[in-house]
Each structure stands twice: as C-alpha cells, then as structure tokens.
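Numbering (the numbering used here), first residue to last: 7 to 666.
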C-alpha cells in the first residue's frame, strides 16, 4: 500500500524532500504532525537508521503523539526507533552524560518552580535586596529572559536596561552560584548548559553532531535564542534540518520565542527549500475568510492563505453587548439552550479569552445556569502541596546536596525540630559553605541546638540514608518503597491533623494516591527506571506548557481557557469574547512596538482558527474596572476581520435569534 497517497500534493512534496534545509510553513489545521511523522517513516524506508533521526517538539503531549503516530506508520516492528523528544528532555539526556565537564555532579537536581522561588528569595537576602526592589517571582522572570536569550551571569551586565536591572544582575550571580553549590539546575539551565557544553567543548559537540543524520523541529516559530543556537550547532556538519511551523501562530514572545527564526530561515540556512501547507481541514470557509483577512494586516510574515475544505452552514457572528455582565449572560444563555435544549455536547464548546481575569463572570453565570464547565489551565498537579512535599522527600533522598528540598520536609510531618534550630543550622551552613545536615554535630556540640533537636535530626538523616539504599536496590518497587516511607513518617496522620473534614482528607489522600500511581506508571514504561529518572520526568512534565496535556480536557463540561492555552486544540463551537482595545489587543501591546500588536493579532488569529464549525465573536460596550463601569472601544481586530472601517453596531441581543 502506498501510504503517501494519503497525503495531499504539498504534504507529499514536504515528505519526499530528504536532504538539506527545509522549511514547511504549516498553517492552522493543515496537517503538520502528519507531515513530520510520514517524513520520519519515509526516511527510514529509504535506509536511514531510525536511531539517527531526531525529532524535537515543545511539549510532552506533542512528543507522545508523534511517537505513537510514527510507531503506527512503521507497524511497530522496529527494535530501534527515532528519538522523539522535547527540547528540554533532549538536553537532559546530553547533560546526564556530559555535565561533569562543567563542574556539576552527574546526578544533578532539576529545581521546580517552588525550589526556584526559594533559591531566588535566598539570593535576594544574600545580596540584601528587599521585596520592595525585586520580588522572587519577578527576579526569576528576569533571569529566565536572560537565560532564554543565552545570557550568562558573567555577561548579564551588558544586557541591563535600567538601575533596577543592575541589581538583578547581582542577584542573578548569587542565585546561579547557590544552584551550582547545591548541584542543581533550573529549567532554563537545561538549554543554557547544553549550549555551553557545545560552545566550550568541541569534542562534546562533535559527539552529539555525529549521533544524527536528520533533525526535525516542530513548532519552529516558538524557538528562543538558546534553542536556535542548539539546533544550528547540531546540524552544522550535514544541514539536514526540517523545521515545521507557522509564523502566523507565533504567540510566545513573552517567554523568549523569536518569530525572526522562522521568518529568516532562508537567511540562516542558505539554499533552504520552502513548502507551504495551505489546505485547511479543520475550519469552514466562512471562518477562514475572516482569519485570512485578519492576519494579512501583519507585515512581518510569510505570504500564505488558508484554503477551506469545509463549507459553512452560516456566517461568523459578531455580537455586541451593553456591558461585560450582559456579555457573559448572553453567551451562557445561548450555551444553555444548545446543551440543554438541543443536546449539543458540552465538550464541543469553548469560551476563549485573553486574560486570566475574564473567566470569573462566565464561571458565575455557568454555575447559575447549571451548566458544567472546566477551567483549563488552573492549578497544576505538580503545584499541589502534597505533591511538592513528596517530591521534596524524593529529591532529598536522591540528591544529598539539595538543601532546598531538605528544608521543605525537615519538619514535615513534625519531628521535634523547631524553627529556631533550623534557622541556626541554615546560618551556620551558609557561613561555612557546608550542607545543613553536615553542620548538625558541630551545632549540637556548641549547644546551638537542643539535644532533642539533635536526636531528631540524626533520626532524619538515618531515614534518608536508609531509603536512599532501598530506592537504589529495588528500582522496580519504587512505588512500594514510597508507600513504606509515607507509613513510617506518618504522612496520612499529618493530613488528618491538618484537615479535620473527612472530605478534605479524602481529597488530599487522593492526590497522594495519584502521585504513587505516577511512579508505578513510570516503572512500567521505562526500561531502566530509577529514582533519578522519575524525578527527571516529573520535572519535565511539571513544566509542560501544553495545558492540553493535563487531565482537565478529559473532564465533562464547557471549556473555558485563555487563547495561549487553546493553541493546538480545536472545537466545533467557539466563543471568542472580549474583543476590545486594551483586552485584545492587550493594553501592554498598545504602548509597545508594532511587533507587540502583531503578536496580539496572531493571538486573535489563533483563537479564530480553533473553531471548526461555528464561531461567535463578542464584545462589551462597557466593562467594570476597579468598581467603576467604563466605556470600551471595539478592538481594531473586529474591523480587520470584517473588512470594515468605523464603529461596529451594538445590536440589541435577542436570545432566540442568537441561538438560531
């Protein structure tokens, strides 16, 4: 069977180009994942050893889907397979083999968000900067921007914008020094340190260049400076690089993505071929007409136009309401009629908005109407207190140098080690440049801590050492070992002490149960499981930016989500709400460069192209701000979508007409 017959001519062209740099411009709904997976299968069919193909994407969900599709195409017969990975997971593989060249331990810890905030708070204290100058979260955001741009602490002073940034550089240096002393890295370091290895150690770069004959990058428009440099270095000898993406969907500039990488691909890789995928199999012609009309207003883009393969049953609707409450009431009234009156599946409907503040009034109205909903992109599983406690125990067991994790659980559950004792130990450890547990004997001898605290700390050290040996000796029973640890420390009793209500206790223990299940699943799908590989997976999955990878989308109900969260998803019916100047485009973009407005326009384009069958675009004529109702201006994007100039009429909302 000729599997390539399942592809349209442009898809087939992209799949059959097997050497040199190739840019596949894949518009929304044009089958980019199909092209990537078929291309891998075709390379293997033509004789490329599977293990010499690297395909990189941005989320664990996308990597999983790519692996599954490739396996299905190849018939599941191959013993060796292409490496399909996220950027960060690929870098972890490299660092596990090579990081000792940079002076880090091979068993380095990967700090999660909580660990990072603690480290940032400590760095600010160390350099005597209070919260009024830099808050930990803001400092981390600044450090992250530097790291994504490939800026190390030693060179950060050259990239400061004001006096406040100068202070941030001092804190950045201390933060990075503290991480290094703890044998730890943060999420951005995974890219930055891999790049450092490639730039400073020619033999390391040559070794990893020699592993692959072909490299493919998905969602290329989302690459930041560090990712671009890594890709360029890897393919330098053979230039067999295929990148797939859509500059019209580049919406992550705020986290370092540079649309210039896809716009300038032919400059960066001379002789590159370009294939445009424009056949859209998702949305109707009416939806694509306004999408094309909207995005053409961007100057910085590759010229292309989506072509619909589905005919519309009706036009895209533009509705204006008296105020934001009436907007929510009107949208929810229509949805209630669709779900309860017409039997439309709630999961087929999405309400998309620009900011995290907008859904409150929709949640309120959906509850009042008795319509189930799911707010996608809420608290991550990995941010829950119990999960962070258990991860801290496992990190302290796996990584003896990780004082950040140790201090989180040193008295959780309570074991008679007071706050005063912990503070004295911390100060001594910092002063002497030693680990917290290592200074305990000296602190006890000099009576800085009580005998009771000394005994409790000795018992705690012994507990960690004992379970370190158990996890290492029985890697395929790690779930059982964790259960034994929880029983020994009395974690259930701690939950019962903190949460008197049975319902609360059950909910908290359900989270613990899910965590144990996640270890069991890791054991089942990993050839050589270990505590280190589990913690590595947890760190990468916990930072997965694709909200679609969460459990939320498996739940029943209307989907409420931001436009950023919706990227990569599709829904038969979409309500794109709040099309007003200051919301979409966001007010921050109105005072920024033209490129900021262009990114907001792309974000609007992403929202429009999530709709498969029906799209309703709404706005409010006034909106409550700080307790006062203020008039709004229609978004410029409304004019652009409709091809009109002038004020949009605000028709009286007729529920029956809207439903029809």
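Even glycine gets a Cβ: it sits at the ideal position worked out from N, Cα and C.
Roughly how many angstroms separate the alpha carbons of residue 121 and residue 523, rounded to a whole number? Translated into the one-based positions of the chain shown, residue 121 becomes position 115. Translated into the one-based positions of the chain shown, residue 523 becomes position 517. Cα to Cα, residue 121 sits roughly 23 Å from residue 523.
How many whole angstroms separate the CB atoms of residue 568 and residue 360, which I take to be in contact at a CB cut-off of 8 Å? On the chain shown, position 562 is the one that residue 568 refers to. On the chain shown, position 354 is the one that residue 360 refers to. Right, their Cβ atoms sit about 7 Å apart.
Taking residue 415 and residue 423 to be in contact with their CB atoms under 8 Å, please state how far apart those CB atoms are, rounded to whole angstroms. In the chain shown, the residue the question calls residue 415 occupies position 409. In the chain shown, the residue the question calls residue 423 occupies position 417. With a Cβ gap of about 11 Å, residue 415 and residue 423 do not count as contacting.
Pull up the DSSP beta-bridge partners for residue 325, would you. For this step, residue 325 is matched to residue 319 along the chain shown. Note: residue 325 sits in a beta bridge opposite 624.
Alpha carbons only, please: which of 21, 396, 113, 535 is nearest the one belonging to residue 677? The question about residue 677 has no answer, for the chain in this structure spans 7 to 666.
With distance defined between alpha-carbon atoms, name the residue in 442, 41, 174 nearest to residue 32. Working through the chain shown from its first residue, we reach residue 32 at position 26. If we check each option's Cα against that of residue 32, 41 comes out closest.
Let me know if residue 625 comes out buried or exposed under the rule of 16 or more other beta-carbons within 10 Å of its beta-carbon. Counted from its first residue, the chain shown places residue 625 at position 619. That one is buried.
So does the region 258-269 actually touch the region 34-48, counting three or more Cβ pairs closer than 8 Å? no
Check whether residue 93 and residue 233 have beta carbons under 7 Å apart: Along the chain shown, read from residue 1 onward, the residue named residue 93 stands at position 87. Along the chain shown, read from residue 1 onward, the residue named residue 233 stands at position 227. Yes, they are a contact pair.
Three-state secondary structure assigned by DSSP to residue 579: Numbered from its first residue, the chain shown carries residue 579 at position 573. In this structure, residue 579 counts as strand in the three-state DSSP scheme.
Assigned secondary structure, residue 416 (DSSP; H/G/I helix, E/B strand, else coil): The residue labelled residue 416 in the question sits at position 410 within the chain shown. In the structure shown, residue 416 sits in coil (DSSP, three-state: anything other than H, G, I, E or B).
Local Cβ density within 10 Å of residue 314, reported as buried at 16 or more and exposed below that: Counting from 1 along the chain shown, the entry for residue 314 is found at position 308. Buried is the call here.
Out of 345, 251, 323, 288, point me to the one whose CA is closest to residue 307's CA. In the chain shown, counting from the first residue as 1, residue 307 sits at position 301. Residue 251 is the option with its Cα nearest to residue 307.
Could you tell me the boundaries of the alpha helix (DSSP H) in which residue 425 lies? Taking the chain shown and counting its residues from 1, the one referred to as residue 425 is at position 419. Run containing residue 425: 425-438, per the alpha helix (DSSP H) assignment.
Pick from 531, 409, 463, 649 that is closest to residue 128, judged by C-alpha positions: As a first step, residue 128 is located in the chain shown; it is residue number 122 there, counting from the start. For the residues 531, 409, 463, 649, the minimum Cα distance to residue 128 belongs to 409.
Burial state of residue 473, where buried means 16 or more other Cβ atoms lie within 10 Å: Sequence index remark: in the chain shown, residue 473 carries index 467 (1-based). Counting Cβ neighbours within 10 Å, residue 473 comes out buried, since at least 16 surround it.
Nearest-angstrom Cα distance between residue 592 and residue 201? As a first step, residue 592 must be located in the chain shown, where it is residue number 586. As a first step, residue 201 must be located in the chain shown, where it is residue number 195. A straight-line Cα-Cα distance of about 34 Å links residue 592 and residue 201.
Candidates 333, 537, 13, of which the one nearest residue 287 by Cα: The sequence position of residue 287 within the chain shown is 281, counting from 1. Comparing Cα-Cα distances from residue 287 to each of 333, 537, 13, the minimum goes to 13.
Give the DSSP-derived three-state secondary structure of residue 230 in the structure shown. The residue you call residue 230 lines up with position 224 of the chain shown. In the three-state DSSP reduction, residue 230 falls in the coil class, being neither helix nor strand.
Exposed or buried, what is residue 280 when buried is set at 16 or more other beta-carbons lying within 10 Å of its beta-carbon? Sequence index remark: in the chain shown, residue 280 carries index 274 (1-based). Exposed, since its Cβ has fewer than 16 Cβ neighbours within 10 Å.
Does DSSP put residue 631 in a helix, in a strand, or in coil? Residue numbering aside, residue 631 sits at position 625 when the chain shown is read from its first letter. DSSP places residue 631 in strand when its eight states are reduced to three.
Under a three-way DSSP split, which group does residue 551 fall into? Counting from 1 along the chain shown, the entry for residue 551 is found at position 545. For residue 551, the predicted model reports a pLDDT of 44, less than 50, meaning its position is unreliable and no value from the coordinates is stated.
Starting from residue 281, trace the beta strand (DSSP E) in both directions and tell me its first and last residue. Translated into the one-based positions of the chain shown, residue 281 becomes position 275. Residue 281 -> beta strand (DSSP E) spans 279-283.
Count the other CB atoms, across all protein chains shown, that sit within 10 Å of the CB of residue 140; report buried if there are 16 or more and exposed otherwise. As a working mapping, residue 140 is identified with position 134 in the chain shown. The residue is buried, with at least 16 neighbouring Cβ atoms inside 10 Å.
Rounded to whole angstroms, how far is the Cβ of residue 30 from the Cβ of residue 357, which I believe are closer than 8 Å? As a first step, residue 30 must be located in the chain shown, where it is residue number 24. As a first step, residue 357 must be located in the chain shown, where it is residue number 351. With 8 Å as the limit, residue 30 and residue 357 do not qualify as a contact, their Cβ atoms being about 32 Å apart.
Between 354, 448, 483, which lies nearest to residue 528 when the distance is taken from Cα to Cα? For the purposes of this step, residue 528 is identified with residue 522 of the chain shown, where counting begins at 1. The option with the nearest alpha carbon to residue 528 is 483.
For residue 359, which of helix, strand or coil comes out of DSSP? Counting from one through the chain shown, the residue named residue 359 turns up at place 353. For residue 359, the three-state secondary structure derived from DSSP is strand.
Residue closest to residue 310, alpha-carbon to alpha-carbon, out of 285, 502, 326, 348: Here residue 310 is taken as the residue at index 304 of the chain shown, counted from 1. Comparing Cα-Cα distances from residue 310 to each of 285, 502, 326, 348, the minimum goes to 285.
If you measure between the beta carbons of residue 159 and residue 134, is that distance less than 7 Å? Numbered from its first residue, the chain shown carries residue 159 at position 153. Numbered from its first residue, the chain shown carries residue 134 at position 128. No, the Cβ-Cβ distance between residue 159 and residue 134 is not below 7 Å.
Residue 117 by DSSP, collapsed to three states: which one? Here the question's residue 117 lines up with position 111 in the chain shown. In the structure shown, residue 117 adopts coil according to DSSP, grouped into three states.
Between 219, 114, 34, which has its C-alpha nearest residue 542's C-alpha? The count along the chain shown starts at 1 and reaches residue 542 at position 536. When only C-alpha atoms are compared, the closest one is 114.
Closer than 8 Å by C-beta to residue 23: which residues in its own chain qualify, once you throw out the five before and the five after it? Chain order, please. If you number the chain shown from 1, residue 23 lands on position 17. Answer for residue 23: 248, 279, 281, listed in chain order.
7 Å CB neighbourhood of residue 17 in its chain, flanking five on each side removed: Looking up residue 17 in the chain shown gives position 11. These residues qualify, in order along the chain: 37, 40, 41, 283.
Quick one: grab the DSSP three-state call for residue 88. Counted from its first residue, the chain shown places residue 88 at position 82. Residue state, collapsed to three classes: coil.
Going along the chain, which residues of its own chain have a beta-carbon closer than 6 Å to the beta-carbon of residue 304, five neighbours each way excluded? Within the chain shown, numbered from 1, the residue matching residue 304 stands at position 298. The residues are 604, 607.
Whose CA, out of 399, 580, 343, 627, lies closest to the CA of residue 333? Along the chain shown, one-based indexing puts residue 333 at 327. Checking every option, the nearest Cα to that of residue 333 belongs to 627.
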